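Student:
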Amino acid sequence: MSNSLELSSDILFHFTELEHVISILKEGFFRPNFCLEDLNDFVSQNERTEYLEWAIPMVCFCDIPLPHSKTHRKTYGNYGIGMSKEWGMRKENKISPVLYAYPKSAITHSLLWMWIEGRELLNPEEDDADHTHTFHDHLQGVYCFTKLYKGRKWISRDIGYSNEDVRFYDEREWRFVPMCENRFEYVLHKNKFLDMLKQNDVNHELERETSKLPRLNFEPSDIECIIVTAEEEKDLIVKEMEQNTNQYSYDGIELLSSKVNVISVE
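FYI, this note's numbering numbers position 188 of the sequence shown as 188, with every residue one higher than the one before it.
#1: Please return the same chain residues whose Cβ sits closer than 6 angstroms to the Cβ of residue 247, not counting the five positions on each side in sequence.
#2: Buried or exposed: where does residue 187 fall if 16 or more other Cβ atoms within 10 Å of its Cβ makes it buried?
#3: Among 105, 249, 64 and 193, which one has its Cα closest to the Cα of residue 43?
#4: Could you tell me which uninterrupted alpha helix (DSSP H) segments, each at least 4 residues in length, are contained entirely in the region 48-110, listed from first to last along the chain?
#5: Need the endpoints of the alpha helix (DSSP H) that residue 235 sits in, please.
#6: Inspect the beta-carbon positions of residue 144 and residue 184 and report whether they are closer than 8 angstroms.
#7: Can you find the residues in the same chain that come closer than 6 angstroms, C-beta to C-beta, to residue 276, ignoring five residues on each side of it along the sequence?
#8: Buried or exposed: where does residue 90 fall if 16 or more other Cβ atoms within 10 Å of its Cβ makes it buried?
#9: Can you check DSSP and say which residues form a bridge with residue 183?
#10: Assign residue 233 to one of two classes, buried (16 or more other C-beta atoms within 10 Å of its C-beta) or exposed (fewer than that).
#11: Grab the span of the alpha helix (DSSP H) containing residue 24 for me, first residue to last.
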């Protein structure tokens with residue numbers, strides 16, 4: 001599957017829980033979810049700005065070689081689906097490795113200028129509206145694929161951000177961020193996202209917003225491996241696939257079943 005000496009894999013792994021692996025395989029696509037990303041750690045406390053905290057819809061992968069993924073799997077789940085990088089880099093998918101940066105790095109100053117000063121220089125009433133919209137969209141696109149080298153991690157609505165810093169650089173993250181006509185129009189401002197999250201138990205607004213997002217589709221041939229931790233889980237996935245004749249052909253089911261691998265979690 002991968003050489004233990006390699007620093008990166010030719011496979012993009014999406015690690016999660018077993019029920020999510022089964023759901024993805026049964027549906028035939030990855031479903032993006034909103035994740036709150038706060039890049040205010042790039043600036044000092046008194047420079048924090050709303051321009052540096054957005055909820056981004058995404059599907060996350062990593063290219064950590066499987067033999068080196070134990071720590072990563074402890075965080076995200078011991079089950080997963082490994083997709084070919086060729087599939088990820090296709091024009092219709094545009095899955096990209098994220099750009100890691102840290103406060104006061106050479107690239108951070110330019111990024112902050114674009115996101116803050118550059119954004120405020122444009123006046124939509126005076127400047128060409130289409131040009132302004134395009135400029136803002138490109139700024140949003142850079143934001144969607146930028147990650148702190150080390151920082152706080154969004155956990156959940158109830159917990160918020162982690163207290164301890166996480167070294168994100170070790171995650172070797174690749175992201176799918178859905179686009180609308182080549183624009184990053186699905187990104188939500190932090191306040192809107194938190195309001196929707198708070199009300200979701202009542203009106204399911206966030207669920208409806210999530211359901212509108214483009215999906216990340218695949219064919220059985222795009223899958224390199226399916227990761228489980230026990231033989232009975234392998235049997236369960238094979239059984240689920242055999243019952244899913246509406247989604248896959250017989251040959252597709254046979255192909256998927258042949259790619260289920262059992263790994264040790266010890």
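Every residue gets a Cβ at the ideal spot worked out from N, C-alpha and C, and that includes glycine. All values derive from a computational prediction rather than experimental measurement.
Tutor: Walking through what the data contain:
#1: Within the same chain, residue 247 has close Cβ partners 28.
#2: Its Cβ being crowded by 16 or more others within 10 Å, residue 187 is buried.
#3: Here the closest residue by C-alpha is 105.
#4: Within the region 48-110, the complete alpha helix (DSSP H) runs of at least 4 residues are 70-76 and 85-88.
#5: 231-242 is the extent of the alpha helix (DSSP H) around residue 235.
#6: For residue 144 and residue 184, yes; Cβs fall inside 8 angstroms.
#7: Since the first and last residues shown for the chain are 1 and 266, residue 276 lies out of range.
#8: When all chains shown are included, residue 90 counts as exposed.
#9: Beta-bridge partners of residue 183 (DSSP): 180.
#10: Within 10 angstroms of the beta-carbon of residue 233 lie 16 or more other beta-carbons, which makes it buried.
#11: Residue 24 -> alpha helix (DSSP H) spans 18-27.
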